[in-house]
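According to our numbering, the sequence shown holds residues 12 to 138 in order.
Heads up: the structure comes next, in structure tokens.
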Amino acid sequence: RRQPDFCPMLDVPTAMEVLGTGSYHSLPSAIEQLRPDPPLPPKAQAAKLRRITHLIYSHLLKVTLPPGVSVATVGQGFAVLKADGLYEAKVTLVPAADLPAEPQPGSTAGSAGEGDAAATAGAPAAA
Numbered sequence: 012r013r014q015p016d017f018c019p020m021l022d023v024p025t026a027m028e029v030l031g032t033g034s035y036h037s038l039p040s041a042i043e044q045l046r047p048d049p050p051l052p053p054k055a056q057a058a059k060l061r062r063i064t065h066l067i068y069s070h071l072l073k074v075t076l077p078p079g080v081s082v083a084t085v086g087q088g089f090a091v092l093k094a095d096g097l098y099e100a101k102v103t104l105v106p107a108a109d110l111p112a113e114p115q116p117g118s119t120a121g122s123a124g125e126g127d128a129a130a131t132a133g134a135p136a137a138a
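Right under this line is the structure:
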């Protein structure tokens, strides 16, 4: 009979802790950062949707849509854009905090300071 090339490393003390206490106290605290935020109450969700819808309206007023593309509806945090006979697209705003800052008019490229915020079309600043 041939011996296996490896032996499983069983962590009996940890298994006993989890089975006995129902929790694992040696879990790294960094994993807490991965826990999702609790859901917002319904009133706060409605307020946030109204805010997003308002931001969508304001961004649509700032941009020029290509010829043939029109705004069908705006509401519930989405805008529906359509090109008759071609497509209909449901769009929303997504935070873009990881994008580099765009140079401001009249400034040289790459001279944005640390405190400058990224001004991107379709990416509102965090409220």
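Built from N, CA and C at the ideal position, the CB exists for glycine as well.
Under the rule that 16 or more other beta-carbon atoms within 10 Å means buried, what is A90, buried or exposed?
-> Buried, since its Cβ has 16 or more Cβ neighbours within 10 Å.
T103 to L71 span [Cα, whole Å] | 11 Å
So is I42 buried or exposed if we call it buried at 16+ other beta carbons inside 10 Å?
-> exposed
Confirm, please, whether the CB-CB distance from V85 to I67 is below 8 Å.
-> For the pair I67 and V85, the CB atoms are nearer than the 8 Å cut-off.
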